[in-house]
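Undergrad:
Protein chains in written order, with full-length UniProt numbering: chain A, 1 to 437; chain B, 1 to 276.
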């Protein structure tokens with residue numbers, strides 16, 4: 001018995017010791033996503049600490065968990081984070097709510113004018129820059145040069161959807177598990193709806209008209225969804241309704257996809273010989289169009305912002321200025337090579353002759369420049385965002401619509417039913433939110 | 001009288017038990033296998049995964065990238081702290097309910113259990129705001145108290161069940177011999193209930209160790225336990241299966257080892273009083 005009491009007392013002492021050890025110096029707490037560029041930054045951040053004496057604590061989370069955590073923190077003014085990694089969807093909404101600290105006073109040597117205009121536009125609200133881009137991405141076509149050649153076709157730099165259909169048909173060899181095209185099918189506003197919304201822009205479709213009426217009953221949306229389903233059902237891999245970025249990446253790297261239209265960041269993965277069996281057989285092209293003046297590519301930037309609840313806004317700004325500077329780019333190039341530099345944020349990077357030699361550099365820049373978040377589609381729209389609508393309600397509406405389209409891909413409902421359901425649920429939610437009567 | 005069981009029936013039962021056991025264990029086995037492969041190999045078909053080169057690469061990367069021991073220590077403090085605190089409160093409560101039950105004891109027990117029926121997200125905002133106002137966000141003390149409160153109904157119920165199996169006459173005899181209430185609980189009741197208390201302790205440490213909703217929601221950098229360590233290796237854009245598997249094995253290894261060494265105690269406690 002005495003032993004047990006001792007054990008309990010020991011455990012209590014252990015807990016008390018734990019609390020005592022929790023007192024730590026003030027540091028910057030940075031919430032970030034788990035991707036290659038961010039992890040690389042963590043590895044190089046000692047240079048910042050040595051330079052400034054500011055210690056850094058990292059909270060690395062999966063994208064959706066991070067979004068939930070930082071939203072909760074910023075909405076309650078929790079102050080758990082000094083720097084947050086957020087996307088182009090959050091910045092306009094949070095900036096308008098005054099939840100973020102303005103970065104307009106960054107020092108002159110930061111050279112804010114060097115940031116790519118399309119990216120900067122997506123991070124600015126009423127003239128205030130609320131986040132600095134760490135890396136930017138668009139989407140493009142990645143294709144197997146050997147299969148394209150075997151099919152007797154040549155991929156143009158700027159293909160049309162008709163060519164994509166023709167090439168997908170020619171490259172498909174289901175007996176050998178080679179599928180002409182791999183596209184996202186997993187439901188979610190950042191999953192299949194990112195792709196389908198961007199695709200719909202090139203078909204002239206839009207989410208809402210200027211009075212916020214949903215437009216899923218339009219011919220443009222019907223054409224978008226029918227073509228997507230036709231492509232995927234005829235030439236796509238089996239079980240595509242469960243495929244997101246990672247599933248398609250795995251298929252492409254194993255040589256099972258002829259073409260894959262997805263984030264430009266994938267280029268560095270599919271050309272990496274350590275992981276990809278097709279590393280030396282990959283070509284790149286702009287996302288397809290239909291001759292309507294808009295391409296089916298998106299625009300996204302993971303950016304660093306300071307929440308209004310931070311106790312150390314000046315130190316946080318100092319860190320952001322370091323992590324998104326030209327000097328940081330040079331530091332990465334020196335340590336890891338130019339191919340590993342965070343892409344898509346600064347004009348000067350694309351003017352650098354050494355960076356121009358990276359195989360996917362030019363196509364990434366052209367893809368980013370081809371997207372305009374303020375005028376994403378052919379007709380005028382009341383919202384900003386290329387593959388999303390920058391309103392707080394979009395996450396739930398986008399995911400619900402994504403579920404109906406994913407169900408259509410899985411064969412659980414027809415395209416017409418999916419569109420009708422999408423129209424009805426979007427109308428209901430927009431009425432509830434007070435956008436329409 | 002014992003029922004006669006044929007050898008054939010015994011063999012079938014054993015086979016079924018093995019199949020069920022393997023099915024339950026398979027995900028952990030697969031995570032273990034994936035953790036010893038490169039990211040490129042981990043996404044291949046199962047047969048190719050097994051035949052490809054085995055490597056410690058993922059463990060090395062995880063070790064280099066994360067402060068494992070800080071997360072581990074946080075997990076130890078939170079799980080042990082919350083369980084011990086829970087036991088300190090639950091032992092007297094369970095004693096009272098088992099040996100001096102009142103009219104409403106059953107109702108109180110049911111009410112306590114009913115708190116487990118509410119989804120945690122239902123009280124997320126109030127608890128988050130309370131922690132924020134008390135300055136307890138990202139602290140271990142907040143998690144110790146919250147996990148203690150979450151597991152308290154289970155601790156009390158388990159102890160209550162064990163205490164009910166102990167004849168009240170023995171405690172009465174102790175009282176007749178002049179034992180005070182404190183002496184009666186410490187020197188008579190607790191030694192008899194050791195298997196039950198030990199299994200309650202072990203089970204609740206495991207529950208607290210694996211708790212992922214509150215530990216992810218209320219922590220940032222300082223108090224994040226191993227659940228946050230695992231969560232940092234998942235990604236919607238990029239290959240992560242091997243590193244995530246390595247992180248998962250590193251996170252569950254301590255509790256698996258503890259469970260392995262204490263399984264006799266755990267089973268004894270869990271089946272305590274099951275056969276009359």
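Glycine included, every Cβ here is placed at the ideal spot set by N, Cα and C. In this text, all values refer to a predicted model and were calculated from it rather than measured experimentally.
Any contact between the stretch 188 to 195 of chain A and the stretch 397 to 407 of chain A? By contact I mean 3 or more CB pairs, one from each, below 8 Å.
TA: yes
Undergrad: With DSSP collapsed to three states, give me the class of residue 23 of chain A.
TA: As a first step, residue 23 of chain A must be located in the first chain, where it is residue number 23. Any reading at residue 23 of chain A must be qualified, since the residue scores a pLDDT of 34, below 50, and its modelled position is unreliable; no value is offered.
Undergrad: Report buried or exposed for residue 54 of chain B, applying the criterion of at least 16 other Cβ atoms within 10 angstroms of its Cβ.
TA: Position 54 of the second chain holds residue 54 of chain B. By the neighbour-count definition (other C-beta atoms within 10 Å, threshold 16), residue 54 of chain B is an exposed residue.
Undergrad: Determine the DSSP secondary structure at residue 123 of chain A, reduced to helix, strand or coil.
TA: One-based indexing of the first chain puts residue 123 of chain A at position 123. Coil, per DSSP.
Undergrad: Rounded to whole angstroms, what's the CA-CA distance from residue 29 of chain B to residue 13 of chain B? Just pull it up for me.
TA: One-based indexing of the second chain puts residue 29 of chain B at position 29. One-based indexing of the second chain puts residue 13 of chain B at position 13. Cα-Cα distance, rounded: 23 Å.
Undergrad: With distances taken from CA atoms, which of A:139, A:116, A:434 is nearest residue 284 of chain A?
TA: Walking along the first chain from the start, residue 284 of chain A turns up at place 284. Minimum Cα distance to residue 284 of chain A is reached at A:139.
Undergrad: Could you check if residue 274 of chain A is buried or exposed, using at least 16 other CB atoms within 10 Å of its CB as the buried criterion?
TA: Start at 1 with the first residue of the first chain, and residue 274 of chain A comes out as number 274. So residue 274 of chain A counts as exposed.
Undergrad: Could you list which residues in chain A have their beta carbon closer than 9 Å to that of residue 65 of chain B, in chain order?
TA: Start at 1 with the first residue of the second chain, and residue 65 of chain B comes out as number 65. Per Cβ cutoff of 9 Å: 39, 42, 43, 60.
Undergrad: Could you name the residues that DSSP lists as bridge partners for residue 139 of chain A?
TA: The sequence position of residue 139 of chain A within the first chain is 139, counting from 1. Note: residue 139 of chain A sits in a beta bridge opposite A:263.
Undergrad: To the nearest angstrom, report how far apart residue 31 of chain B and residue 247 of chain B are at their CA atoms.
TA: Here residue 31 of chain B is taken as the residue at index 31 of the second chain, counted from 1. Here residue 247 of chain B is taken as the residue at index 247 of the second chain, counted from 1. Going from the Cα of residue 31 of chain B to the Cα of residue 247 of chain B covers about 10 Å.
Undergrad: Which residues in the same chain as residue 146 of chain A place their Cβ atom closer than 6 Å to its Cβ, once the five residues preceding and following it in sequence are excluded?
TA: The residue given as residue 146 of chain A occupies position 146 in the first chain. Excluding positions up to five away in sequence, the list reads 281.
Undergrad: Along chain B, in chain order, which residues have C-beta atoms closer than 7 Å to that of residue 85 of chain A?
TA: As a working note, residue 85 of chain A is residue 85 in the first chain. Going along chain B, no residue has its Cβ under 7 Å from residue 85 of chain A, so there is no contact; the nearest lies around 13 Å.
Undergrad: Does residue 8 of chain B pass the burial test, meaning 16 or more other C-beta atoms within 10 Å, or should it be called exposed?
TA: Translated into the one-based positions of the second chain, residue 8 of chain B becomes position 8. Counting Cβ neighbours within 10 Å, residue 8 of chain B comes out exposed, since fewer than 16 surround it.
Undergrad: According to DSSP, is residue 210 of chain A helix, strand or coil?
TA: Looking up residue 210 of chain A in the first chain gives position 210. Three-state DSSP puts residue 210 of chain A in coil, outside helix and strand.
Undergrad: Does any residue of chain B bring its CB to less than 8 Å from the CB of residue 252 of chain A?
TA: Locating residue 252 of chain A in the first chain gives position 252, where the first residue counts as 1. No, its Cβ sits nowhere closer than 8 Å to a Cβ of chain B.
Undergrad: Whose CA, out of A:270, A:234, A:291, A:237, lies closest to the CA of residue 249 of chain A?
TA: Position 249 of the first chain holds residue 249 of chain A. For residue 249 of chain A, the nearest C-alpha among the options comes from A:270.
Undergrad: Just to make sure I have the definition right: I need the residues of chain B whose C-beta is within less than 9 Å of the C-beta of residue 127 of chain A. Which are they?
TA: Taking the first chain and counting its residues from 1, the one referred to as residue 127 of chain A is at position 127. Residues of chain B passing the Cβ test: none, with the nearest at roughly 31 Å.
Undergrad: How many angstroms separate the CA atom of residue 431 of chain A from the CA atom of residue 210 of chain A?
TA: Taking the first residue of the first chain as position 1, residue 431 of chain A is located at position 431. Taking the first residue of the first chain as position 1, residue 210 of chain A is located at position 210. Roughly 15 Å between the two C-alpha positions.
Undergrad: If you compare alpha carbons, which of A:62, A:52, A:86, A:39 is closest to residue 62 of chain B?
TA: Working through the second chain from its first residue, we reach residue 62 of chain B at position 62. Of the listed residues, the one whose Cα sits closest to residue 62 of chain B is A:39.
Undergrad: Does the stretch 198 to 210 of chain A touch the stretch 372 to 382 of chain A, meaning 3 or more C-beta pairs lie closer than 8 Å?
TA: yes
Undergrad: Between residue 12 of chain A and residue 91 of chain B, what straight-line distance do the alpha-carbon atoms span, to the nearest angstrom?
TA: Numbered from 1 along the first chain, position 12 holds the residue referred to as residue 12 of chain A. Numbered from 1 along the second chain, position 91 holds the residue referred to as residue 91 of chain B. Confidence at residue 12 of chain A is low in this model, with a pLDDT of 48, below 50, so its placement is unreliable and the value that follows should be read with caution. So the alpha carbons of these two residues sit roughly 16 Å apart.
Undergrad: Looking at the secondary structure, which residues open and close the beta strand (DSSP E) in which residue 57 of chain A lies?
TA: Here residue 57 of chain A refers to the residue found at position 57 when the first chain is read from its first residue. Run containing residue 57 of chain A: 56 to 61, per the beta strand (DSSP E) assignment.
Undergrad: In the DSSP assignment, find the unbroken beta strand (DSSP E) run with residue 84 of chain A in it and report its ends.
TA: As a working note, residue 84 of chain A is residue 84 in the first chain. Looking at the DSSP string, the run of the beta strand (DSSP E) that includes residue 84 of chain A is 83 to 86.
Undergrad: Relative to the C-alpha of residue 56 of chain B, which residue among B:245, B:261, B:21 is closest?
TA: Here residue 56 of chain B refers to the residue found at position 56 when the second chain is read from its first residue. Selected option, being the one with the closest Cα: B:245.
Undergrad: Compare the C-beta of residue 246 of chain A against all C-beta atoms of chain B and say whether one is closer than 8 Å.
TA: Within the first chain, numbered from 1, the residue matching residue 246 of chain A stands at position 246. So, interface residue.
Undergrad: Which residue's Cα is closest to the Cα of residue 294 of chain A: A:26, A:251, A:238, A:369?
TA: Walking along the first chain from the start, residue 294 of chain A turns up at place 294. Proximity to residue 294 of chain A across A:26, A:251, A:238, A:369 peaks at A:369, based on C-alpha coordinates.
Undergrad: Using beta-carbon positions only, say whether residue 87 of chain B and residue 270 of chain B come within less than 8 Å of one another.
TA: Translated into the one-based positions of the second chain, residue 87 of chain B becomes position 87. Translated into the one-based positions of the second chain, residue 270 of chain B becomes position 270. Going by C-beta atoms, residue 87 of chain B is not nearer than 8 Å to residue 270 of chain B.
Undergrad: Consider the Cβ of residue 24 of chain A: report whether some Cβ of chain B lies at a distance smaller than 8 Å.
TA: The residue you call residue 24 of chain A lines up with position 24 of the first chain. Bear in mind that the predicted position of residue 24 of chain A carries a pLDDT of just 40, short of 50, making it too unreliable to give a figure here.
Undergrad: Alpha carbon to alpha carbon, what distance is there between residue 77 of chain B and residue 159 of chain B?
TA: By one-based count along the second chain, residue 159 of chain B stands at place 159. By one-based count along the second chain, residue 77 of chain B stands at place 77. When rounded, the distance between both Cα atoms is 23 Å.
Undergrad: For the stretch 108 to 132 of chain B, which residues have a CB atom closer than 7 Å to at least one CB atom of chain A, in sequence order?
TA: 128, 129, 132
Undergrad: So with Cβ pairs under 8 Å, would you call residue 234 of chain B a contact of chain A?
TA: Mapped onto the second chain, residue 234 of chain B falls at position 234. Interface residue, yes.
Undergrad: Excluding the five sequence neighbours on either side, which residues of its own chain have a C-beta within less than 6 Å of the C-beta of residue 36 of chain B, listed in chain order?
TA: Residue numbering aside, residue 36 of chain B sits at position 36 when the second chain is read from its first letter. Closer than 6 Å at Cβ, skipping near neighbours: 54.
Undergrad: Could you have a look at residue 299 of chain A and say whether DSSP puts it in helix, strand or coil?
TA: Taking the first chain and counting its residues from 1, the one referred to as residue 299 of chain A is at position 299. Three-state DSSP puts residue 299 of chain A in a strand.
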